[in-house]
Amino acid sequence: MRRLPLLLPVAICAALLTGLQLALSAAGLQSYLNEAIIAAYHAIVVLGLCLLMGYAGQISLGHGAFFALGGYTSAVLTTAPLSAARDSGWVRGLRLAGALVEREDLYGAQILTVAPGAAFLAALLLTLAVALLIGYPALRLRGHYLAMATLGFGLIVYRLLLGTDWTGSADGISNVPPWHLGCGLTVSGRPAYRVQNFYIAWGLCLLTLALLLRLAHSRIGRALRAIHEHEAAADAMGIPTAALKLRVFVLSALLAAGAGSLLTHYHRGIYPSAADATQSVRYVALVAAGGMANLWGALLVSATLNFLSLRGVFGSYDHAVFGALLILIVSLAPQGPFQPLAERLARRRRARKEAAHGAA
Amino acid sequence: MPDVMQLLLQHAFSGITLGSIYAVVAIGFNIVYSTTGVLNFAQGEFVMLGGMTAVTLAAFTPLPVAIAGAVLLAGLCGAGLELALFRPLRRHSTLHMIIITIGLSIVIRDAALHIWDEKVRALPYFTGDEVSSVRLLGAAISPQVLWVLGTVGLLVLVLHVFYRHTLAGRAMRACASNPEAALLVGIDTANMRTLAFALSAALGGLGGCVISPISMTAYDMGAGLAIKGFAGAILGGLGHPMGAVVGGLLVGLAESYSVLSGIPAAYKDATAFAILLAALFLRPHGLFGSPERESLKEL
């Protein structure tokens, strides 16, 4: 019974999105789907960060770097030709394991590269390693000091990407191939694939939401909130605070990297600006505007704001409007724009229940 | 003097110059943080605002007047923003306030882009010009560097006197150590918060003027400075006045010397932050901070 009320809204959301797609396609506004897809991948990052910040109370100003780490690993591995090393032992081994794929490059020549699926796995493994390495010492820091450490980590990644030749320096990496997932599904930015990509992106986003909602309402979620409230008290209650914080940090980093990898295949490329500090700050700001410990708020605010700003609705005032909305939402509704609504609903439900009791 | 020594000295001077700029921003962070518990991420934007205003004013007024005008404007801006945005907030956590300062920095940056443009400007050198140099211990430095160092030194001194020996300064310190007790002895803590914002903004504005001839002024310079200044404040230990100066200088020196160590110049920021991370992991509360001090003002 507990499971139903939690997942019902997710199902309703999925139905609404299907309706949206059908309506947009019927109205000939298919191009709107493009921004909706990109917004979905960014929303996955925001959702992961929401669990870390809102529930566990640990700030991270470095999630743009994890996003870029995932995207760049996929981009580098799927574009670097291994044809020259065709006969070496490790290439043959990888090929036998099915991790390599022979494809045509832009000019029609045959090249051998890592398959997108294997690159995705490599991206997740690399992110896992980096997140553990950074998270272990960083999560011992608190408050502003943790913010600084994660910000510093993000800047290091950004500078390394910007200054290294094989990550394309300031140009980034382009010509990343599409990812054929099987079952006729392909992650690709071509207009012909747009509708299925809309469902892939939003399907993954809602799946993330459902998983995180379950997690937040489980024993682990309650433990995280205890850590947020009072870490020493949580420790005294026997909650393994350090291990839990690290696990949530790694989980949110993996979500960011996965979204980065998929969006890189969709975009056919990735650029250093993905790891920029302003991008990381934007993710944090979206979590805050969604109401901190509010996964639904984070999803709705981030998807809406990103969609509008990607559509160019705010014109040349894009940043200014984003900043102003941020200030407005946080100062007027610190619990998220949907909290006042939810409170009113709860109050009405309680009133109705009391009225029913009174009648009986 | 051997060449190596001269090289080291030259880098030390450039590091100290960079570092003193970061120190100004770090001091600004500290003034607001210790009085309000808020980290003002728009601190870098005040530096930009000061520089931009001074450049504009300098076109038709003498330089000292332009600088005074810029400092005044930045200070008023800081006070105005505090009055408009932070004073009305009652049930907001510190983290909410910090997010608001982030929003504020985005808005100010974009406003500056629309008021001025994306061009890089600079004030004229206060004395001499870009080629004139002073020999100091065998290293050549621009006179403007001496202006920067002198200003930062003077600021630290003035702030020290202000905090120790004036009523307003002592009231601000009282707010920092215990806001409720300060309220009980009749200090208007709300006004002290406004004063802290105004002071740190004016300070940032002055910093923006002094560094303008060397590091130029552009609408998007604020974010980078805020990050470096934040790094300095954190490294020194938040809320520790001298810590900000030492922290800022260390960040500048790390940046300057990382070039010397053979690491490619493109990675100098990465190196500086790697050192910062290492320092933080070893001393989780900064060089001069103490756990007790921080635990009072958690996020």
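As they're listed, the protein sequences go chains A and B.
Take 0 as the starting number for the first sequence in numbering that gives the first Met the number 0 and just add one per residue.
Take 0 as the starting number for the second sequence in numbering that gives the first Met the number 0 and just add one per residue.
Don't be surprised by glycine CBs; every beta carbon is placed ideally from N, CA and C.
Quick caveat: nothing in here was measured; it's all calculated off a predicted structure.
On the criterion of 16 or more Cβ atoms from any shown chain inside 10 Å, does A:ASN174 qualify as buried, or is it exposed? Numbered from 1 along the first sequence, position 175 holds the residue referred to as residue 174 of chain A. A:ASN174 comes out exposed.
How long is the line joining the alpha carbons of B:GLU117 and B:LEU135, rounded to whole angstroms? Translated into the one-based positions of the second sequence, residue 117 of chain B becomes position 118. Translated into the one-based positions of the second sequence, residue 135 of chain B becomes position 136. When rounded, the distance between both Cα atoms is 36 Å.
Just curious, the alpha helix (DSSP H) that A:ILE36 is in, first and last residue? If you number the first sequence from 1, residue 36 of chain A lands on position 37. In the DSSP annotation of this structure, the continuous segment of the alpha helix (DSSP H) that includes A:ILE36 starts and ends at 31-49.
Could you name the residues of the segment 224-245 of chain A whose beta carbon sits closer than 8 Å to any beta carbon of chain B, in the order they occur along the chain? Of all residues in the segment 224-245 of chain A, none has a Cβ within less than 8 Å of some Cβ in chain B.
Would you say A:PRO333 faces chain B, with C-beta separation under 9 Å as the test? In the first sequence, residue 333 of chain A corresponds to position 334, counting from 1. So, interface residue.
Can you name the residues of chain A whose CB is closer than 9 Å to the CB of B:ARG108? Counting from 1 along the second sequence, the entry for residue 108 of chain B is found at position 109. Correct list: HIS318, ALA319, GLY322.
Between which two residues does the beta strand (DSSP E) harbouring A:ASN112 extend? Residue mapping note: residue 112 of chain A aligns to position 113 of the first sequence, counting from 1. The question names Asn, but residue 112 of chain A is Thr in the sequence shown. A:THR112 -> beta strand (DSSP E) spans 109-113.
9 Å Cβ cutoff met for B:ALA269 and A:LEU159: As a working mapping, residue 269 of chain B is identified with position 270 in the second sequence. As a working mapping, residue 159 of chain A is identified with position 160 in the first sequence. Yes, these two residues count as a Cβ contact at 9 Å.
Is it buried or exposed, A:LEU28, if we count other Cβ atoms within 10 angstroms and call 16 or more buried? To locate residue 28 of chain A, count along the first sequence from 1; it is residue 29. With fewer than 16 other Cβ atoms within 10 Å, it is exposed.
Cβ-based contacts, 8 Å cut-off: residues of the segment 79-91 of chain B near chain A: Answer in chain order: LEU84, PRO87, LEU88, ARG90, HIS91.
Mind listing, in chain order, the continuous beta strand (DSSP E) runs of no fewer than 3 residues lying wholly within the segment 125-172 of chain B? Considered as a whole, the segment 125-172 of chain B harbours 133-135, 138-140 as its complete beta strand (DSSP E) runs of no fewer than 3 residues, in chain order.
Under 8 Å between beta-carbons, which chain B residues line up against A:LEU159? List them in chain order, please. For the purposes of this step, residue 159 of chain A is taken as residue 160 along the first sequence, with counting starting at 1. Listed along chain B, the residues sitting closer than 8 Å to A:LEU159 by beta-carbon distance are TYR266, ALA269.
Proximal residues of chain A, C-beta to C-beta of B:LEU17 below 7 Å: Reading the second sequence from its first residue, position 18 is the one you call residue 17 of chain B. The premise fails here: B:LEU17 is roughly 16 Å from chain A at the closest Cβ pair, so nothing lies under 7 Å.
Any chance you could list the alpha helix (DSSP H) runs of at least 4 consecutive residues sitting entirely within the segment 237-294 of chain A, in chain order? As far as the segment 237-294 of chain A is concerned, its whole alpha helix (DSSP H) runs of at least 4 residues are 240-266, 276-288.
Cα-Cα separation between A:GLU353 and A:ARG346, rounded to whole angstroms: Stepping through the first sequence from its first residue, residue 353 of chain A is reached at position 354. Stepping through the first sequence from its first residue, residue 346 of chain A is reached at position 347. Rounded to whole angstroms, the gap between the alpha carbons of A:GLU353 and A:ARG346 is 10 Å.
Residues that A:VAL100 bridges to, as DSSP identifies them: Translated into positions along the first sequence, residue 100 of chain A becomes position 101. The partner list for A:VAL100 (beta bridge, DSSP) reads A:THR112.
Residues in the segment 16-46 of chain B having any Cβ partner in chain A nearer than 7 Å: Within the segment 16-46 of chain B, the qualifying residues are LEU38.
Check A:HIS229 in the structure and name its three-state DSSP category. What you label residue 229 of chain A is simply residue 230 of the first sequence in a count that begins at 1. Looking at A:HIS229 - three-state DSSP - the assignment turns out to be coil, as it is neither helix nor strand.
Scan the segment 249-284 of chain B and note each continuous alpha helix (DSSP H) run of 4 residues or more that stays entirely inside, going in chain order. For the segment 249-284 of chain B, whole alpha helix (DSSP H) runs of length 4 or above, ordered along the chain, are 267-281.
State the start and end residues of the unbroken beta strand (DSSP E) segment that holds B:GLY221. Looking up residue 221 of chain B in the second sequence gives position 222. Premise fails: B:GLY221 lies in the alpha helix (DSSP H), 220-235, not in any beta strand (DSSP E).
Helix, strand or coil at A:TRP178 [DSSP, three-state]: The count along the first sequence starts at 1 and reaches residue 178 of chain A at position 179. Strand, per DSSP.
Check each candidate in A:PHE65, A:PHE197, A:LEU205, A:ARG189 and name the one with the smallest Cα separation from A:LEU7. Residue mapping note: residue 7 of chain A aligns to position 8 of the first sequence, counting from 1. The shortest Cα separation from A:LEU7 among A:PHE65, A:PHE197, A:LEU205, A:ARG189 belongs to A:LEU205.
Under 8 Å Cβ-Cβ, which residues of chain A neighbour B:PRO283? In the second sequence, residue 283 of chain B corresponds to position 284, counting from 1. For B:PRO283, the chain A residues whose C-beta falls within less than 8 Å of its own C-beta are ARG139, LEU140, ARG141, TYR144, listed in chain order.
Quick one: which chain A residues come within Cβ less than 8 Å of B:ILE226? Translated into positions along the second sequence, residue 226 of chain B becomes position 227. Among the residues of chain A, those whose CB is under 8 Å from the CB of B:ILE226 are LEU150, LEU154, ALA276, following chain order.
Between B:GLY102, B:SER255, B:ILE210, B:LEU281, which lies nearest to B:LEU122 when the distance is taken from Cα to Cα? Numbered from 1 along the second sequence, position 123 holds the residue referred to as residue 122 of chain B. The residue with the shortest Cα to Cα distance from B:LEU122 is B:ILE210.
For A:MET0, which three-state DSSP category applies? Residue 0 of chain A sits at position 1 when you count from the first residue of the first sequence. Legend: pLDDT at A:MET0 = 42, less than 50; position of this residue unreliable, no value from coordinates given.
In the structure shown, what three-state DSSP assignment does A:THR149 receive? Position 150 of the first sequence, counting from 1, holds the residue named residue 149 of chain A. Of the three classes helix, strand and coil, the one that applies to A:THR149 here is helix, per DSSP.
Where does A:ARG351 sit, in a helix, a strand or coil, going by DSSP? As a first step, residue 351 of chain A must be located in the first sequence, where it is residue number 352. In the structure shown, A:ARG351 sits in a helix (DSSP, three-state: H, G or I).
Contacts that B:LEU275 makes with chain A (C-beta to C-beta distance below 9 Å): Against the second sequence, residue 275 of chain B aligns to sequence position 276. Neighbours of B:LEU275 in chain A, taken as residues at a C-beta separation under 9 Å, are given in chain order as MET147, ALA148, GLY151.
Within chain A, the residues that B:HIS95 reaches when beta carbons sit closer than 9 Å: The count along the second sequence starts at 1 and reaches residue 95 of chain B at position 96. Contacts between B:HIS95 and chain A, judged by CB atoms closer than 9 Å, involve ALA287, MET291, VAL329, SER330, PRO333 in chain order.
Residues in the segment 210-240 of chain B with C-beta within 7 Å of chain A's C-beta atoms, listed in sequence order? Per Cβ criterion, the list reads ALA222, ILE226, PHE229, ALA230, ILE233, LEU237.
Among A:ALA35, A:CYS12, A:HIS356, which has the Cα closest to the Cα of A:VAL194? If you number the first sequence from 1, residue 194 of chain A lands on position 195. Cα-wise, what sits closest to A:VAL194 is A:ALA35.
Is A:VAL280 close to chain B? Criterion is C-beta to C-beta, closer than 9 Å. Sequence index remark: in the first sequence, residue 280 of chain A carries index 281 (1-based). Look at A:VAL280: its C-beta is under 9 Å from a C-beta on chain B.
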